[in-house]
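Scroll down for the structure; my scribbles are underneath it.
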Amino acid sequence: MKDYSFEQYRELFEKHLLDFLPDIDHKSITLYESMKYSVSAGGKRIRPVLLLAACDFCGGDIEEALPYACAIEYIHTYSLIHDDLPCMDNDDLRRGIPTNHKVYGEAVATLAGDGLQAAAFEAMNRDMLLYLDDAEALKRRVCASYEIIKGSGCRGIVAGQIADMEAADKNCSREMLDYIHITKTAALIVAAVRAGAQLGGADSDTLEDLTVYAENLGLAFQICDDILDIVGSEEELGKKTGADAENKKATYPALFGLEESKARLEELTDMAIDALKDYYDNAELFVHLAKVLETRGN
Ligand code: GRG
């Protein structure tokens, strides 16, 4: 077990960030440049780090998990590119730089998102092809890729995106808001943790505990994001603030106010940490990450 810090997993990940973007001949260079532009723009890299850390935590080889870590970051980045498009949230700034469509135009940005999603599937499938003769290793990889694809699809971020759009400027129930948060945000965080755990060969109890951790972390993450949209700054976040209110988005602070949102953030953080209490110091990174997140929103 490497038992790295967040920064060490992140550093390893960054070295391989572009490894799984397909070789593209010069005729498609604009597409490649635009994919690379958004992937290389930074971001916290929470999903790939969680994937690598969960793999490590469960006894797996993190080098072998890199195609899946890249895949989940490619999918996350594609979702940000598409979310920023004029037909969606129409944002100009992301990760501290102009959004993809501001630089490359809407059509190329749409294709860059499509290309990144396909690159994610390609990275995972190419890796699986190497293990056709090793049933156990192949099974872990198929399970990991299933988690990632499920989180990125119609039971994950795509469902969340449409629910988020449809709830704007309407009365939204707590149940609907939870559904939006679970699909739009928690699904890919749960996918990262579960995919890493599957790659590491987790037993069913550990997989369940990590899932409870990730579900609570995912919800906390979105509430924190919504709080920061009100109290954070553009420089700190690398994106425009106040956008939720402007777009009349259904958010936790909009429905319940800032104080109740902070209390819910604390409650979810405690539940996330509590899910891993039996693992003591071995779960330090996961506990630390939950606490850092909570502090950002408070
Ligand atoms: C377009 C299919 C599709 C989905 C879009 C990602 C998304 C769904 C919408 C973006 C808006 C938003 C607030 C989504 C919730 C998830 C979230 C908090 C994304 C931002 O993730 P970070 O903070 O971003 O990890 P970085 O840039 O650090 O990677």
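Numbering follows the numbering used here, with no gaps: position 223 of the sequence shown is 1098. We put the CB at the ideal spot given by N, CA and C, even for glycine.
request  = Indicate the three-state DSSP secondary structure (helix, strand or coil) for Pro829 in the structure shown.
outcome  = Past the boundaries of the shown model lies residue 829; the chain is included only from 876 to 1173, so the question cannot be answered.
key: Cys1047, buried or exposed, once every other Cβ within 10 Å from all chains shown has been counted against 16   = With 16 or more Cβ atoms within 10 Å of its Cβ, Cys1047 is classed as buried.
request  = Use the C-beta contact count for Ser1079: other C-beta atoms within 10 angstroms, 16 or more gives buried, fewer gives exposed.
outcome  = Using a 10 angstroms sphere on the CB of Ser1079, the tally of other CB atoms stays under 16, which defines it as exposed.
ask   = Where in the region 1118 to 1142 do unbroken runs of the alpha helix (DSSP H), each at least 4 residues long, occur, reported from the N-terminal end onward?
value = As far as the region 1118 to 1142 is concerned, its whole alpha helix (DSSP H) runs of at least 4 residues are 1118 to 1121.
task = Could you work out which residue in Ala1038, Glu938, Tyr953, Arg1069 is closest to Phe888 when comparing CA atoms only?
result = The residue with the shortest Cα to Cα distance from Phe888 is Glu938.
query = Considering only residues of the same chain and omitting the five flanking positions on each side of Ser1136, which have a CB-CB separation below 6 angstroms?
reply = For Ser1136, where only same-chain residues beyond five positions count, the Cβ hits under 6 angstroms are Ile1098, Ile1102, Tyr1127, Pro1128.
query = Should Lys1124 and Ala994 be called a contact, given that it needs their Cβ atoms to be closer than 8 angstroms?
reply = Cβ distance not < 8 angstroms, so Lys1124 and Ala994 don't count as in contact.
ask   = Closer than 7 angstroms: is that where the CB of Ile921 sits relative to any heavy atom of ligand 1?
value = Flag set: Cβ of Ile921 near ligand 1.
task = Measure the alpha-carbon distance for Gly990 versus Leu906 and round it to whole angstroms.
result = Using only the alpha carbons, I get a separation of about 8 angstroms.
message = Here's the rule: buried if 16 or more other CB atoms are within 10 angstroms of the residue's CB, otherwise exposed. What is Tyr1155?
response = With fewer than 16 neighbouring CB atoms inside 10 Å of its own CB, Tyr1155 falls in the exposed class.
ask   = DSSP puts Leu968 in a beta bridge; with which residues?
value = In DSSP, Leu968 forms a bridge with Pro973.
query = Under three-state DSSP, which class holds Thr1116?
reply = Coil, per DSSP.
8 angstroms Cβ cutoff met for Leu896 and Lys919 = Taking 8 angstroms as the Cβ cut-off, Leu896 and Lys919 do not qualify as a contacting pair.
request  = Report the residue ranges of all alpha helix (DSSP H) runs contained in full by the region 986 to 1035; include only those spanning at least 4 residues, in chain order.
outcome  = With a minimum length of 4 residues, the unbroken runs of alpha helix (DSSP H) contained wholly in the region 986 to 1035 fall at 1010 to 1027.
task = Could you check which residue in Arg1171, Tyr949, Ile1055 has the C-alpha nearest to that of Glu1111?
result = Looking at the Cα atoms, Arg1171 is the closest of the given residues.
request  = Mind reading off the beta-carbon distance from Glu1022 to Arg969? Whole number of angstroms is fine, and I expect it under 8 angstroms.
outcome  = The pair is not a contact, with the Cβ atoms about 26 angstroms apart (cut-off 8 angstroms).
task = Buried or exposed for Ala1233, please, with buried defined as at least 16 other CB atoms from any protein chain shown within 10 angstroms of its CB.
result = Since the displayed the chain opens at 876 and closes at 1173, residue 1233 lies outside it and no answer follows.
request  = Would you check if the region 1134 to 1151 and the region 1076 to 1096 touch, i.e. whether three or more CB-CB distances between them fall below 8 angstroms?
outcome  = In this structure the region 1076 to 1096 lies against the region 1134 to 1151, because at least three pairs of beta carbons, one per stretch, are closer than 8 angstroms.
task = Classify Asn1091 as helix, strand or coil using the three-state DSSP reduction.
result = Reduced to three states, the DSSP call for Asn1091 is helix.
message = Is the separation between the beta-carbon of Leu1168 and that of Ala1095 shorter than 8 angstroms?
response = With contacts defined by Cβ atoms closer than 8 angstroms, Leu1168 and Ala1095 form a contacting pair.
query = Between Leu1140 and Ile1105, which are expected to be in contact by the criterion C-beta below 8 angstroms, what is the C-beta distance as a whole number of angstroms?
reply = The Cβ separation is near 13 angstroms, so there is no contact.
ask   = Should Ala946 and Met999 be called a contact, given that it needs their Cβ atoms to be closer than 8 angstroms?
value = With contacts defined as CB atoms closer than 8 angstroms, Ala946 and Met999 qualify as a contacting pair.
query = Within the chosen definition, does the region 927 to 938 reach the region 966 to 980 through at least 3 CB pairs nearer than 8 angstroms?
reply = No contact exists between the region 927 to 938 and the region 966 to 980.
Option in Lys1014, Ala1118, Cys1018, Gln883 with minimal Cα separation from Asn965 = Of the listed residues, the one whose Cα sits closest to Asn965 is Ala1118.
Val1017 versus Ile1064 - alpha carbon distance = Going from the Cα of Val1017 to the Cα of Ile1064 covers about 18 angstroms.
ask   = So, using beta-carbon positions, are Ala1038 and Ile1055 closer together than 8 angstroms?
value = A Cβ-Cβ contact shorter than 8 angstroms links Ala1038 with Ile1055.
Span of the alpha helix (DSSP H), counted from its first residue to its last, around Lys890 = That run of the alpha helix (DSSP H) goes 881 to 891.
query = Count the other CB atoms within 10 Å of the CB of His951; is the residue buried (16 or more) or exposed (fewer)?
reply = Flag for His951 reads buried.
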